[in-house]
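*Asks:* Numbering (my numbering), first residue to last: 16 to 589. Built from N, CA and C at the ideal position, the CB exists for glycine as well. Since the model is a prediction, treat every value here as computed from it, not as a measurement. First the structure, then my questions, so here it is.
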């Protein structure tokens, strides 16, 4: 995204809050005007007021104190307005970005690390706050201040003004070199932060694997490499600052020396004018230094804004959302000659799939890892659309149903269901206040897990830790079953947990499944013999193709793939 377009978009965002923006700009102009009045008063005092006029000097001193206090109050008000404006825009931008992210296709999350997305939504938007709160208004205010200062200096003494401005080309060159150097450095800092966030997020989630393989030292070395990259990029940006500001101080000192020298050559330069120009030079170089710093703050914000807007510009696919409302599966779900590819269109994930999932029956999908089982589930949920073939629900193409009606009637329970760091009650009703606690309790009794929940501390108010760390995989699936059941789905999809469970939990899960799946269409990625034996039909997949279909007993006698899979995987399973 071009920088010009980013700036225009940011200005558009600011224009949505005109009262706040123009109030901040107006106060900034007033502060600029009051700051130039003080040197003028001192110039007048030294040249036009006799030292014996104590009353007049006292009045001028009181006026200067009043101006300083007024300037301080205005700066406080301006700061409050600018920060409030920034926070309003940050709230709006973060809301819009998150709203956009949750509409992105599943393929985007397959390709993009979670840490990168988190950086965009949190850190990069926070960096944009500097633009909204301190960027545009401060830069405009600083430019106005510089114009007012130079105009006033020309009015007082043209030769001395030209003397000060003779150093302006060197100053502009310094600012330009500094801006370009820091821009590159800030880009490296932001990229380093994104890599750190990605690494930390990934390793916190997979910490048990790191510890299991005694890889702490190796992973720590990788972390330190990323950490040092961030440190070096940050130090480099500080190094540019440490050079730039002394250069500005040197130019300011040279300007003051030239003022004194030129004043000695000019016959009619008064003490008041010399004092005025010494003060104005210091005051002029201060906003010039501020402008350089503000430009770099703006630059850092623009880099962050570019990353945020690039994410905002990620295309939300125009899914052909149908008009029919899906309510109940009466006949079947049919896959007819379905072909599907992910990113690599040369390698099909599914090839010529033909399956019929009868209504109110249980279908088990079995096969080795990578055979296409999870992809079939994704297609039924319309997380992806097929490239070739048809998926029919009651002989109607799945694309003709609205996505919202499909998702509301299909419940999916994954191998490792996601549970929020909240109570069991809130996890079950998914923060829907219309689902009462008594309704949840009755549903738990219906499927047979009420007693299990009552054995936990605080029962339904038991706090689940992040990622359900204080629950076993079986217990997490039980809660996920209840969460799915209470929303009364028409189609139940289960990716069965592969981890080992104690016999009591296993028996409870089988009992719950029987209660939930009775007279309901179910599709299960099965890993256990007990679940397979519940199925009315079994579909065997191998390398993205259906190789066998039938009942458990039929496939044991006539099947080849299934029989081998059974002997290798299911025979000794519960």
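Return the Cβ separation of residue 392 and residue 538 in integer angstroms, given the expectation that the two are a contact with Cβ distance under 8 Å.
*Replies:* Translated into the one-based positions of the chain shown, residue 392 becomes position 377. Translated into the one-based positions of the chain shown, residue 538 becomes position 523. Between residue 538 and residue 392 the Cβ distance is about 7 Å, and since that is below 8 Å, they are a contact.
*Asks:* Restricting to Cα atoms, I'd like to know which of 197, 491 and 184 is closest to residue 313.
*Replies:* Reading the chain shown from its first residue, position 298 is the one you call residue 313. The candidate whose alpha carbon is nearest that of residue 313 is 197.
*Asks:* Have a look at 298, 350, 366 and 349 and flag the residue whose alpha-carbon is nearest the alpha-carbon of residue 356.
*Replies:* As a first step, residue 356 is located in the chain shown; it is residue number 341 there, counting from the start. Nearest option by C-alpha distance: 366.
*Asks:* If we count the other Cβ atoms within 10 Å of its Cβ and call it buried at 16 or more, is residue 352 buried or exposed?
*Replies:* Start at 1 with the first residue of the chain shown, and residue 352 comes out as number 337. Exposed, because fewer than 16 other Cβ atoms sit within 10 Å of the Cβ of residue 352.
*Asks:* Rounded to whole angstroms, how far is the Cβ of residue 47 from the Cβ of residue 160, which I believe are closer than 8 Å?
*Replies:* In the chain shown, residue 47 corresponds to position 32, counting from 1. In the chain shown, residue 160 corresponds to position 145, counting from 1. Confirmed, Cβ separation roughly 4 Å.
*Asks:* Could you check where the alpha helix (DSSP H) with residue 353 kicks off and where it finishes?
*Replies:* On the chain shown, residue 353 is found 338 positions in, with the first residue counted as 1. Per DSSP, residue 353 belongs to no alpha helix (DSSP H); it is in the beta strand (DSSP E), 347-355.
*Asks:* Could you check how far apart the C-beta atoms of residue 97 and residue 39 are, in whole angstroms? I think they sit under 8 Å.
*Replies:* In the chain shown, counting from the first residue as 1, residue 97 sits at position 82. In the chain shown, counting from the first residue as 1, residue 39 sits at position 24. Right, the Cβ-Cβ distance comes to about 5 Å (below 8 Å), so this counts as a contact.
*Asks:* Taking 8 Å as the cut-off, does the segment 178-192 touch the segment 130-140 (at least 3 CB pairs, one atom from each stretch)?
*Replies:* no
*Asks:* Are the beta-carbon atoms belonging to residue 379 and residue 550 less than 9 Å from one another?
*Replies:* Within the chain shown, residue 379 is the residue found at index 364, counting from 1. Within the chain shown, residue 550 is the residue found at index 535, counting from 1. Yes, the pair counts as a contact, with Cβ atoms nearer than the cut-off.
*Asks:* Do residue 111 and residue 327 have their beta-carbon atoms positioned less than 9 Å apart in this structure?
*Replies:* Along the chain shown, one-based indexing puts residue 327 at 312. Along the chain shown, one-based indexing puts residue 111 at 96. Cβ atoms of residue 327 and residue 111: closer than 9 Å.
*Asks:* Determine the direct distance from the alpha carbon of residue 521 to that of residue 475, and round the result to whole angstroms.
*Replies:* Counting from one through the chain shown, the residue named residue 475 turns up at place 460. Counting from one through the chain shown, the residue named residue 521 turns up at place 506. Roughly 21 Å separates the two Cα atoms.
*Asks:* Where residue 595 and residue 242 are concerned, what is the direct C-alpha to C-alpha distance, given to the nearest angstrom?
*Replies:* Summary: the structure shown does not reach residue 595, with the chain confined to residues 16 through 589, and so no result is reported for it.
*Asks:* Who pairs with residue 365 in a beta bridge, going by DSSP?
*Replies:* Your numbering for residue 365 matches position 350 in the chain shown. Under DSSP, the beta-bridge partners assigned to residue 365 are 355.
*Asks:* Using 9 Å as the threshold, is the C-beta distance between residue 557 and residue 423 below it?
*Replies:* Position 542 of the chain shown holds residue 557. Position 408 of the chain shown holds residue 423. For residue 557 and residue 423, no; Cβs fall outside 9 Å.
*Asks:* Please state if the CB of residue 163 and the CB of residue 92 are separated by a distance shorter than 9 Å.
*Replies:* Taking the first residue of the chain shown as 1, we reach residue 92 at position 77. Taking the first residue of the chain shown as 1, we reach residue 163 at position 148. Contact flag unset, no.
*Asks:* Does the count of Cβ pairs from the segment 462-469 and the segment 489-508 closer than 8 Å reach three?
*Replies:* Contact between the segment 462-469 and the segment 489-508 is present, with at least three C-beta pairs closer than 8 Å.
*Asks:* Could you give the first and the last residue of the continuous beta strand (DSSP E) run that contains residue 74?
*Replies:* Position 59 of the chain shown, counting from 1, holds the residue named residue 74. Segment 69-116 is the alpha helix (DSSP H) holding residue 74; no beta strand (DSSP E) there.
*Asks:* Kindly indicate which three-state DSSP category residue 300 falls into: helix, strand or coil?
*Replies:* Position 285 of the chain shown holds residue 300. DSSP places residue 300 in helix when its eight states are reduced to three.
*Asks:* Using DSSP with H/G/I as helix, E/B as strand and the rest coil, what is residue 412?
*Replies:* Working through the chain shown from its first residue, we reach residue 412 at position 397. Note: residue 412 maps to strand in three-state DSSP.
*Asks:* Between the alpha carbons of residue 259 and residue 206, how many angstroms are there, rounded?
*Replies:* Here residue 259 refers to the residue found at position 244 of the chain shown. Here residue 206 refers to the residue found at position 191 of the chain shown. Using only the alpha carbons, I get a separation of about 24 Å.
*Asks:* Of all the options 177, 54 and 381, which has the alpha carbon lying nearest to the alpha carbon of residue 579?
*Replies:* Taking the chain shown and counting its residues from 1, one reaches residue 579 at position 564. With distances taken between Cα atoms, residue 579 lies closest to 381.
*Asks:* Can you list, in chain order, the residues of its chain with a C-beta nearer than 7 Å to that of residue 202? Leave out the 5 residues immediately preceding and following it.
*Replies:* Taking the chain shown and counting its residues from 1, one reaches residue 202 at position 187. 318, listed in sequence order.
*Asks:* Tell me the residue span of the alpha helix (DSSP H) that contains residue 570.
*Replies:* Residue 570 sits at position 555 when you count from the first residue of the chain shown. Bounds of the alpha helix (DSSP H) holding residue 570 are 567-573.
*Asks:* Could I get the ranges of all uninterrupted alpha helix (DSSP H) runs contained in the segment 461-516, with 4 residues as the minimum, in chain order?
*Replies:* 465-469 and 488-501
*Asks:* Which partner residues of residue 373 appear in the DSSP bridge assignment?
*Replies:* Within the chain shown, numbered from 1, the residue matching residue 373 stands at position 358. Note: residue 373 sits in a beta bridge opposite 347.
*Asks:* Using alpha carbons as the reference points, say which of 56, 523, 250 and 338 lies closest to residue 72.
*Replies:* For the purposes of this step, residue 72 is taken as residue 57 along the chain shown, with counting starting at 1. Of 56, 523, 250 and 338, the residue nearest in Cα terms is 56.
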